[in-house]
Amino acid sequence: IVEKNGFSDKITLIQGKIEDIELPVESVDILVSEWMGYFLLYESMLDTVIFARDKWLIQGGIIFPDKAIMYISALEDSAVKRDRIDFWNDVY
1 IVEKNGFSDK
11 ITLIQGKIED
21 IELPVESVDI
31 LVSEWMGYFL
41 LYESMLDTVI
51 FARDKWLIQG
61 GIIFPDKAIM
71 YISALEDSAV
81 KRDRIDFWND
91 VY
C-alpha cells in the first residue's frame with residue numbers, strides 16, 4: 001500500500017513486537033496504532049503504546065488515535081436474571 005501510493009521513500013514498515021524491534025531512527029514524530037481493542041477494554045495494548053511513546057516519540061509528538069469515548073447504559077435481561085440469579089432463591 002505504501003509503495004503503490006508513492007510513499008516508500010517516506011514510510012518504512014517494520015514488522016514485529018514493539019518491545020523487540022529496533023528502529024532505524026532515534027525518534028519518531030507520530031505513532032499510529034490500533035491499541036484500544038474492542039470496547040476499549042479487551043485486547044488493550046495501552047502498555048505497549050506507552051512503551052513506544054517513552055522510547056521513540058519526540059517531545060510534542062502525536063499518537064493516533066489519541067482519544068476514545070465509551071458510552072455505557074444500565075439494562076436488565078429478565079430471562080438471564082431469572083435463569084442465573086433467581087435460581088438461587090429455591091435450589092431444592
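Under this note's numbering, the first residue of the sequence shown is numbered 1, with each subsequent residue one higher.
Built from N, CA and C at the ideal position, the CB exists for glycine as well.
Cβ-Cβ distance between residue i and residue j below 9 Å
i: residue 26; j: residue 56; result: yes
i: residue 68; j: residue 31; result: no
i: residue 76; j: residue 51; result: no
Proximity to residue i [Cα-Cα], best of the options
i: residue 28; options: 53, 18, 90, 80; result: 53
i: residue 66; options: 43, 11, 58, 49; result: 49
Extent of the continuous beta strand (DSSP E) to which residue i belongs
i: residue 25; result: First-last for residue 25: undefined, no H or E at that position.
i: residue 37; result: No beta strand (DSSP E) holds residue 37; DSSP gives it neither H nor E.
i: residue 61; result: 57-64
DSSP three-state assignment for residue i, whether helix, strand or coil
i: residue 46; result: helix
Span of the alpha helix (DSSP H) around residue i
i: residue 78; result: 78-84
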